[in-house]
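In the numbering used here, the protein residues as written are 460 to 782.
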């Protein structure tokens with residue numbers, strides 16, 4: 460909640476693993492973490508870009524004598540990639556799994572659903588955007604929590620260890636879909652659903668506090684946006700008319716500021732805030748009056764429902780304490 464300016468995600472001296480961090484927003488964020496004193500492991504397919512990214516982080520390191528940086532070439536769309544990556548990062552990190560993981564790798568190939576290549580694009584988007592993040596989150600949670608997977612027993616001398624963090628990258632389109640984005644938004648809706656589930660599931664492990672976050676940026680002025688616009692239908696351009704793309708540096712800075720404030724949903728613009736508040740999004744209504752009325756009431760009801768569900772999970776954890 461950011462009460463009294465407390466930093467909920469200090470990074471100095473901690474190890475951060477980031478997918479999709481050889482360019483764009485990922486690289487911008489990695490540089491910020493380097494300036495804040497973190498050790499950083501970056502993941503991407505392109506070894507040349509990884510090498511250049513490492514050089515740029517070293518140049519901006521807060522403590523270049525002690526900070527460490529590492530690159531691992533991997534394709535997040537490849538099944539099973541995350542287990543190998545986490546194992547390599549853990550070995551490099553003196554046997555300790557990275558304490559913070561940020562899944563940034565993603566892509567968008569918008570097109571109308573009737574186009575021949577639409578299903579192929581949708582499947583690949585799901586492989587990269589959803590399964591790439593899902594596999595990494597499972598691999599790191601197993602490393603943190605399960606004996607034999609890298610997890611270590613919490614110290615009895617420390618009442619509450621520093622929280623681990625899993626950061627997912629969604630989109631404002633995680634809450635609001637548009638014509639032409641049928642190949643993209645399902646993968647980002649899925650990322651949001653996974654983040655919601657893990658935020659609750661983390662309560663099963665009170666001895667290893669895990670914070671889950673979901674970043675919901677607008678369009679970002681990167682090479683990825685140029686590739687996206689190459690296939691984007693004109694109607695989608697028109698629907699997105701009010702969307703002003705942000706720079707990678709701005710999105711990275713705003714996202715990290717939100718993480719330090721302890722937020723779950725992290726938006727990078729007022730438009731993003733409005734879309735986050737709109738729980739129903741632009742889904743068709745069965746009855747405009749009733750659905751609109753209930754949309755104004757449901758947030759109050761969901762406060763109780765979410766509290767009750769979290770209470771059930773926490774109670775279950777106490778009765779069935781994890782080893």
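Cβ atoms here follow ideal geometry from the backbone N, Cα and C, with glycine treated the same way.
Check, Outcome
"Identify which residue in 664, 706, 655, 693 has its Cα closest to the Cα of residue 683.", "706"
"Do residue 668 and residue 711 come within 8 Å of each other at the CB atom, strictly closer than that value?", "no"
"By the three-class DSSP mapping on this structure, what secondary structure does residue 605 have?", "coil"
"Over the uninterrupted alpha helix (DSSP H) stretch that includes residue 520, give me the two end residues.", "Counting along the chain, residue 520 falls outside any alpha helix (DSSP H), and DSSP gives it neither H nor E."
"Between residue 513 and the rest of its own chain, which residues show a CB-CB distance below 6 Å, the 5 nearest in sequence each way excluded?", "528, 530"
"Near residue 644, which residues of its chain fall below 6 Å by C-beta distance, leaving aside the five closest residues on each side in sequence?", "632, 636"
"Quick one: grab the DSSP three-state call for residue 477.", "strand"
"Compare the C-alpha of residue 500 against each of 474, 592, 677, 586 and name the closest.", "474"
"What residue from 664, 503, 676, 547 has the CA that sits closest to residue 704's CA?", "676"
"Going by the CB atoms, is the gap between residue 760 and residue 483 shorter than 8 Å?", "no"
"What's the call for residue 471, buried or exposed, on a 16-neighbour Cβ count within 10 Å?", "exposed"
"Decide yes or no for the touch test of the stretch 567–581 against the stretch 541–554: beta carbon pairs closer than 8 Å, at least 3 of them.", "no"
"Report the option in 729, 519, 771 whose CA atom is closest to the CA atom of residue 659.", "771"
"Just how far apart, CA to CA, sit residue 469 and residue 713?", "15 Å"
"With DSSP run on the structure shown, which of helix, strand or coil describes residue 590?", "helix"
"Nearest by alpha-carbon distance to residue 534: which of 480, 466, 491 is it?", "480"
"Could you tell me the alpha carbon to alpha carbon distance between residue 486 and residue 708, rounded to whole angstroms?", "9 Å"
"Could you please give the first and the last residue of the uninterrupted alpha helix (DSSP H) stretch that includes residue 577?", "577–584"
"Measure from the alpha carbon of residue 476 to the alpha carbon of each residue in 569, 692, 586, 592, then state which is nearest.", "592"
"For the alpha helix (DSSP H) containing residue 785, name the first residue and the last one.", "The structure shown does not extend to residue 785, since the chain is modelled only from 460 through 782, so no value can be given for it."
"Rounded to a whole number of angstroms, what is the C-alpha to C-alpha distance between residue 647 and residue 589?", "7 Å"
"What are the start and end residues of the alpha helix (DSSP H) that includes residue 648?", "644–660"
"List the DSSP bridge partners of residue 532.", "503"
"By the 10 Å Cβ neighbour count, where 16 or more other Cβ atoms means buried, how is residue 543 classified, buried or exposed?", "exposed"
"For residue 599, does the count of other Cβ atoms within 10 angstroms reach 16, so buried, or fall short, so exposed?", "buried"
"Measuring alpha carbon to alpha carbon, tell me which residue in 571, 586, 494 is nearest residue 525.", "494"
"Helix, strand or coil, according to DSSP, for residue 572 in the structure here?", "coil"
"On the premise that residue 556 lies in contact with residue 607, defined as a C-beta separation below 8 Å, what is that separation, rounded to the nearest angstrom?", "Their Cβ separation, rounded to whole angstroms, is 13 Å, which puts residue 607 and residue 556 out of contact at 8 Å."
"Mind reading off the beta-carbon distance from residue 776 to residue 662? Whole number of angstroms is fine, and I expect it under 8 Å.", "6 Å"
"Taking the C-alpha atoms as reference points, what is the distance between residue 521 and residue 774?", "43 Å"
"Could you spell out where the alpha helix (DSSP H) holding residue 484 opens and where it closes?", "483–494"
"Could you give the first and the last residue of the continuous beta strand (DSSP E) run that contains residue 670?", "669–675"
"Taking DSSP as the reference, what is the three-state secondary structure of residue 560?", "strand"
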